[in-house]
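S.K.: For the sequence shown, numbering that gives the first Met the number 0 begins at 0 and goes up steadily by one. The beta carbon of each residue, even a glycine, is placed where N, CA and C say it ideally should be.
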Amino acid sequence: MLYLDNSATTKILPEVLEAMMPYLSEYYGNPNSKYYSQALETKKAVDLARHQIAVLLNCSDDEILFTSGSTESNNFVLKGYVDANENLGKHIIISSVEHASILNTAKFLESKGIEVTYLPVDKNGFINANDLIKSIKRETILVSIMWSNNELGSINDIKKISEICHKHNILFHTDATQVIGKIPIDLSDYINIDFLSFSAHKFYGPKGVGGVFIRKDKNGFYPKLTPLLHGGEQEYDLRAGTLAVHQIVGMGKAAEIACRDMESNIKKLYEYENEFIFRMKKVFGNKIIINNNFDNKIPGLISLRILGYNNQLFLKNASSLIAASTGSACSNAKPSYVLKACGYKDEEIRETIRFSLSAYDNYDHFNSIE
0 MLYLDNSATT
10 KILPEVLEAM
20 MPYLSEYYGN
30 PNSKYYSQAL
40 ETKKAVDLAR
50 HQIAVLLNCS
60 DDEILFTSGS
70 TESNNFVLKG
80 YVDANENLGK
90 HIIISSVEHA
100 SILNTAKFLE
110 SKGIEVTYLP
120 VDKNGFINAN
130 DLIKSIKRET
140 ILVSIMWSNN
150 ELGSINDIKK
160 ISEICHKHNI
170 LFHTDATQVI
180 GKIPIDLSDY
190 INIDFLSFSA
200 HKFYGPKGVG
210 GVFIRKDKNG
220 FYPKLTPLLH
230 GGEQEYDLRA
240 GTLAVHQIVG
250 MGKAAEIACR
260 DMESNIKKLY
270 EYENEFIFRM
280 KKVFGNKIII
290 NNNFDNKIPG
300 LISLRILGYN
310 NQLFLKNASS
320 LIAASTGSAC
330 SNAKPSYVLK
340 ACGYKDEEIR
350 ETIRFSLSAY
360 DNYDHFNSIE
């Protein structure tokens with residue numbers, strides 16, 4: 000079978016699994032305990048993983064905070080920042096195509112009296128900077144815009160968007176789940192990003208672990224945040240709970256591999272994209288319509304329509320050959336709200352399939368598509 004749903008999740012690389020195993024059977028101490036070797040070994044492992052992720056993003060180690068994944072990170076930033084800073088204003092801005100963990104958190108905040116503006120997007124899923132500027136109010140305290148659309152792969156101009164926010168003294172958060180490990184990110188060059196969410200399982204790490212980058216100010220302080228989880232003093236007193244050391248180690252190793260393989264992976268993925276599209280057009284001819292904007296998207300994600308084919312029936316009938324999706328795995332039971340917001344008609348949405356490739360798979364057997 001061709002696994003072509005890597006935007007939903009990726010396999011754990013052998014090197015990642017190998018790095019994790021000792022922390023399940025040999026080094027199992029609590030990293031927050033003291034005085035004995037088991038705890039010291041696991042603390043070293045956690046510190047190394049934090050550093051590996053900081054290297055991938057080019058930020059300080061202590062600006063990386065571990066969570067269970069992007070859903071928790073997104074909830075933490077939106078709820079935590081709004082709760083701690085309501086005295087500054089009660090208005091936030093997001094886009095209409097954010098991940099469900101942003102959209103539903105925004106709806107929750109609305110139920111608590113927070114005003115939310117939902118920015119429209121164009122056919123490619125991009126927001127318009129002028130729409131953002133027009134939406135800013137004196138009461139606006141936070142803007143959250145995803146780095147890359149998870150169905151079309153379109154990459155927003157995060158540098159420009161974050162600059163607009165800081166020009167108006169507004170903090171900026173981006174859900175970078177779909178871009179981490181896929182494109183180079185240097186946070187020293189994106190100085191106006193205050194918060195950034197990520198999940199390990201999107202870049203060949205384990206499921207159930209992720210994190211959030213929180214930029215410190217010039218005096219070394221974090222922005223004012225209310226913890227989502229209360230309890231112990233783990234993670235700089237911002238996220239309580241015993242750390243899942245083996246998962247964190249796996250995420251760190253995956254980040255290290257992403258640094259090492261980034262350039263070659265990008266090249267491979269563009270080659271695989273071209274070959275896959277060629278094969279699909281060979282079979283379906285002019286029934287293939289590409290939705291992506293290839294000028295500015297993450298490598299390896301292809302959104303296409305097969306005219307006259309219902310996407311769900313197609314994937315069901317081809318399930319022994321191809322694993323792909325009709326959209327985000329977190330909202331797959333419903334028609335794509337993302338494509339709807341981008342202006343696609345219902346018929347076009349029902350014909351659309353998302354194929355997302357892996358640089359670590361051998362696609363010599365693309366010839367099975369015939």
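Can you tell me which of Ile154, Lys158, Lys166 and Pro226 puts its alpha carbon nearest to the alpha carbon of Phe293?
M.R.: Out of Ile154, Lys158, Lys166 and Pro226, Ile154 has the C-alpha closest to the C-alpha of Phe293.
S.K.: Return the CA-CA distance between Leu131 and Glu97, expressed in angstroms with no decimal places.
M.R.: The straight-line gap from Cα to Cα measures roughly 15 Å.
S.K.: Would you check if the distance between the CB atom of Asn290 and the CB atom of Ser302 is smaller than 8 Å?
M.R.: In contact: Asn290 and Ser302 (Cβ atoms closer than 8 Å).
S.K.: Do you know how far the Cα of Tyr343 is from the Cα of Gly307?
M.R.: Approximately 15 Å between the Cα atoms of the pair.
S.K.: Please determine, among Arg259, Leu118, Leu228 and Pro222, the residue with the shortest C-alpha to C-alpha distance to Asn168.
M.R.: Checked all of Arg259, Leu118, Leu228 and Pro222; the closest Cα to Asn168 is Pro222.
S.K.: Leaving out five residues on either side along the sequence, give the residues of the same chain with a beta carbon under 8 Å from the beta carbon of Ile426.
M.R.: The requested residue 426 is not part of the displayed model; the chain covers only 0 to 369.
S.K.: Quick one: which unbroken alpha helix (DSSP H) runs of 4-plus residues sit fully inside the stretch 151-197? Chain order, please.
M.R.: Entirely contained in the stretch 151-197, the alpha helix (DSSP H) runs reaching 4 residues are, in chain order, 157-166.
S.K.: Secondary structure at Arg304, three-state DSSP: helix, strand or coil?
M.R.: Arg304 falls in the strand class under three-state DSSP.
S.K.: Comparing C-alpha positions only, which one of Ser69, His229, Asn127 and Asp4 sits nearest to Ser196?
M.R.: Among Ser69, His229, Asn127 and Asp4, the Cα nearest to that of Ser196 is on Ser69.
S.K.: Residues in the same chain with beta-carbon distance under 6 Å from Gly124, minus the five sequence neighbours each way, listed in chain order, please.
M.R.: Val96, Asn148, Leu151, Ser153 and Cys341.
S.K.: Within 10 angstroms of its Cβ, does Thr241 collect 16 or more other Cβ (buried), or is it exposed?
M.R.: Result: exposed.
S.K.: How many angstroms separate the CA atom of Ile52 from the CA atom of Gly230?
M.R.: Approximately 25 Å, taken between the alpha carbons.
S.K.: Just mark Ser6 as buried or exposed, buried being the case when its beta carbon has 16 or more other beta carbons within 10 Å.
M.R.: Buried: at least 16 other Cβ atoms inside 10 Å.
S.K.: Who does Asp4 pair with in a DSSP beta bridge?
M.R.: Looking at the DSSP assignment, Asp4 forms a beta bridge with Ser355.
S.K.: Assuming Ile192 contacts Ile157 (C-beta within less than 8 Å), just tell me the rounded distance between them.
M.R.: With 8 Å as the limit, Ile192 and Ile157 qualify as a contact, their Cβ atoms being about 7 Å apart.
S.K.: Buried or exposed for Phe202, going by 16 or more other Cβ atoms inside 10 Å?
M.R.: Buried, since its Cβ has 16 or more Cβ neighbours within 10 Å.
S.K.: Could you tell me the alpha carbon to alpha carbon distance between Phe313 and Arg353, rounded to whole angstroms?
M.R.: Straight-line Cα distance between these residues: approximately 12 Å.
S.K.: Just the C-alpha distance for Pro334 and Asn285, rounded to the nearest angstrom, thanks.
M.R.: When rounded, the distance between both Cα atoms is 24 Å.
S.K.: Just the C-alpha distance for Ile348 and Leu338, rounded to the nearest angstrom, thanks.
M.R.: Straight-line Cα distance between these residues: approximately 7 Å.
S.K.: If the criterion is Cβ atoms closer than 8 Å, does the pair Ile113 and Lys133 meet it?
M.R.: Cβ atoms of Ile113 and Lys133: not closer than 8 Å.
S.K.: Would you kindly work out how many angstroms separate the C-alpha atoms of Leu16 and Glu138, rounded to a whole number?
M.R.: Going from the Cα of Leu16 to the Cα of Glu138 covers about 47 Å.
S.K.: To the nearest angstrom, report how far apart Asp4 and Ser324 are at their CA atoms.
M.R.: Their Cα atoms are separated by approximately 6 Å.
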